[in-house]
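Protein chains in written order, with my numbering: chain A, 4 to 605; chain B, 520 to 708. Before any comments, here is the structure.
Printed below as a string of structure tokens:
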């Protein structure tokens, strides 16, 4: 670290008043200024914050967008998720490597280009996509990759490389200027219905907090992140929790591969999300809100800040909201730094406190002891939008939509092998077949509903319906065509994803995700045994004891395909003497030794 | 007087691969039950009787240690061929154990540290020779647990497994009765 780095560190830390709970913001800003976070930098940060260096180190080392050494003037994070691979991700990666003259995980010799892989970046309807210095470059081809690298070498700016071919809707907003497309294929009755900011809040402030919660309960709004916890109950718990200081969090850390609804909602309906948070604050008695957004959507920062400023000017945020004395609530935005597990609410809170995103033991639940140990409501982006429409149109209107146990609508993110990938807002209760027809998917081998942590189902189950009582989903809906090798292209990719994203806190999750990958690779290599296939599902019983949903569902890609596509596994098992595990290759295992002593022979 | 018809004694083989013989010591720790044991079984290839090669087919093979070199692989493969039931005994056989610490680094780095760069060898190996000879086993790229090399029927955990656990397991295998696995026998903290 150069001596000139010190003033940068000091000024960033001063910006956050030396508050160590703002470590995520501090690290993001310092990395933006210095390019990376070396051990010298973390030592300097720790000294300024008056915390042990290990406190800073453990946060830095947890998130994959934090760099320990320079990652190049242009840092390319190419998505290697399942859907990106479907659409030529491998060819794009090869083109990037050839043009840059370095492999993924490396920086080119001239320091201009750094190539890195990353998990799903929320662009599954326009893959392959990459983040380059925080900007999204969707729908890449090998030609585009080569042109981008040539442009970087020619000294062009990021804006110049991006061009002006902006996406639809607010993607073209002067503060966004993104190449991203919304692809809203079906506007439903909740999130993408007509909406005028402030109407819901005006109505809410005419009611008591108890009445607001009663309406939400009557409508049976359930959490849209996937788990489906009743929203009214969550608000009620937080309202009753002891203490004056309470927080409203909006979880926009959608990291489930194949999910991108929050990106589109934050682009097109940010006011609705913020209004929902203010409503929740009114109901709960909270004064401060935090929108936790995944780092992949950092390109929306200026736009979202502008929306917040506008809402403050309209008295929809700030002091005396809607003219109600004492109703004070404001929202700040917290960015993540690349960690799927932070979508779990207690991990998200830990992250917002500047720590590693490791899920907490519960109870106590966040509604009792959440952010900074204060009662905290964490709601999904779409949940808050639903609450806004319930207040506008009434619980009875909302109750008429959907199924018995799943009221209202759901924003689905359809991707994969179909004609029209994108956003579909439908009432709960649509069947898988209905969605496939809407999306123009004709030849379908399987559908992954709810992302890797959900279920992989075959055609015989396509009449099942999307609802909490049948196929629950946080939004991800990946269509898998007959040309795909389900085990290699999908299940292995998901299994590697979970292994990489496990926070490592619980032993079953940390160990079995790795072991599952080894066994799965063996099976795919044709070296697995029947015992391997039988053993994998039995691990599910141990995985149940993991602390969070990631760990509890990390083997779902394997177990759900063993259940539904058993023949794909059986067809790959090793033949011959079952008493020998044929995967051991002695000649290969002694190669390193022979190379070493070969070099040392006299 | 006619010989009383007794069932043939079960035959046991044992070996220590990349282990420390601690599991064998634990076997000997069954103390006076050793007398019962030799009533129950005959030993074939084993360091306990110094029989070097299998002279007959065995009922039970007890393997201590994982595979660190090609000789370990050879011995383990022979055990699998000659033993109807093969048991991985102890941490090293089951997971690689202490020897597997070297799996965290490339083999070349281990050899360089041991024979070339280490503080105690740097001056004594001017020609920078790494040991190699047709008579020496070849080291594997990493230490493998036994079940990655051959199929294993049973695993006895512990470092070492307690004498009681080994005894109970042997009695169960010889008698054909199910082993009553008590929690204390595999609870280590």
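Just so you know, even glycine gets a beta-carbon here, dropped at the ideal spot from N, CA and C. None of the values given here were measured: they were computed from a predicted structure.
Contact residues of the stretch 591 to 602 of chain A toward chain B are 591, 592, 593, 594, 595, 596, 597, 598, 599, 600, 601, 602 (C-beta to C-beta distance below 9 Å).
Under the three-pair Cβ rule at 8 Å, the stretch 587 to 595 of chain A counts as touching the stretch 654 to 670 of chain B. Between residue 632/B and chain A, the shortest Cβ-Cβ separation is not below 8 Å. Along the stretch 535 to 563 of chain A, there is no position whose C-beta sits under 9 Å from a C-beta of chain B. Exposure of residue 534/A is indicated by the presence of fewer than 16 other C-beta atoms within 10 angstroms of its C-beta.
For the stretch 221 to 254 of chain A, the set of residues with a beta-carbon nearer than 9 Å to any beta-carbon of chain B is empty. Contact between the stretch 463 to 479 of chain A and the stretch 304 to 319 of chain A is absent, with fewer than three C-beta pairs closer than 8 Å. In the DSSP assignment, residue 532/B falls within the beta strand (DSSP E) that extends over 529 to 535. Residue 33/A and residue 189/A have their C-alpha atoms some 41 Å from each other. Around the beta-carbon of residue 489/A, 16 or more other beta-carbon atoms lie within 10 Å, marking it buried. Taking 4 residues as the minimum length, the alpha helix (DSSP H) runs contained wholly in the stretch 254 to 298 of chain A are 264 to 271, 273 to 287, in order along the chain.
Annotation note: the stretch 614 to 688 of chain B contains the following uninterrupted beta strand (DSSP E) runs of length 3 or greater, listed N- to C-terminal: 658 to 663, 673 to 675. Contact of residue 530/B with chain A by beta-carbon distance below 9 Å is absent, the smallest such distance being about 19 Å. For residue 556/A, the CB contacts under 7 Å within the same chain, skipping 5 residues up- and downstream, are 456 in chain order. Within the same chain, Cβ atoms closer than 7 Å to the Cβ of residue 618/B are found at 537, 585, 587, 611, 662, the five residues on either side in sequence being excluded. Think of a sphere of 8 Å around the beta carbon of residue 497/A: no beta carbon from chain B falls inside it, the nearest being about 24 Å out.
For the pair residue 281/A and residue 319/A, the Cα-to-Cα distance works out to about 8 Å. Sorting 170/A, 550/A, 179/A, 525/A by C-alpha distance to the C-alpha of residue 187/A places 170/A at the top. When the beta-carbon positions are compared, residue 250/A and residue 292/A come within less than 8 Å of each other. Here residue 516/A is not near residue 576/A, since their CB atoms are 8 Å or more apart. Of all residues in the stretch 504 to 520 of chain A, none places a beta-carbon less than 8 Å from a beta-carbon of chain B. The three-state secondary structure of residue 428/A, taken from DSSP, is strand. Secondary structure of residue 180/A (DSSP, three-state): coil.
Here DSSP, grouped into helix, strand and coil, assigns residue 248/A to coil.
Fewer than three beta-carbon pairs drawn from the stretch 104 to 115 of chain A and the stretch 129 to 143 of chain A are found closer than 8 Å, and the two stretches are therefore not classed as touching. For residue 120/A, no alpha helix (DSSP H) run applies; the uninterrupted beta strand (DSSP E) run containing it begins and ends at 116 to 121, by DSSP. An exposed status is given to residue 93/A, since fewer than 16 other beta-carbon atoms sit within 10 Å of its beta-carbon. With its beta carbon less than 8 Å from one in chain A, residue 651/B belongs to the interface.
Note on residue 399/A: under 16 other CB atoms within 10 angstroms of its CB, so exposed under the neighbour-count rule. For residue 127/A, no alpha helix (DSSP H) encloses it, and the DSSP letter there is neither H nor E.
Counting of Cβ neighbours within 10 angstroms places residue 285/A among the buried residues, the total reaching 16 or more.
One Cα belongs to residue 683/B, the other to residue 640/B, and the distance between them is close to 43 Å. Beta-bridge pairing by DSSP links residue 233/A to 225/A. Across the structure, residue 172/A and residue 278/A are spaced so that their CA atoms are roughly 20 Å apart. In the three-state reduction of the DSSP assignment, residue 169/A falls in the coil class, being assigned neither a helical nor a strand state. Taken through DSSP and simplified to helix, strand or coil, residue 603/B comes out as strand.
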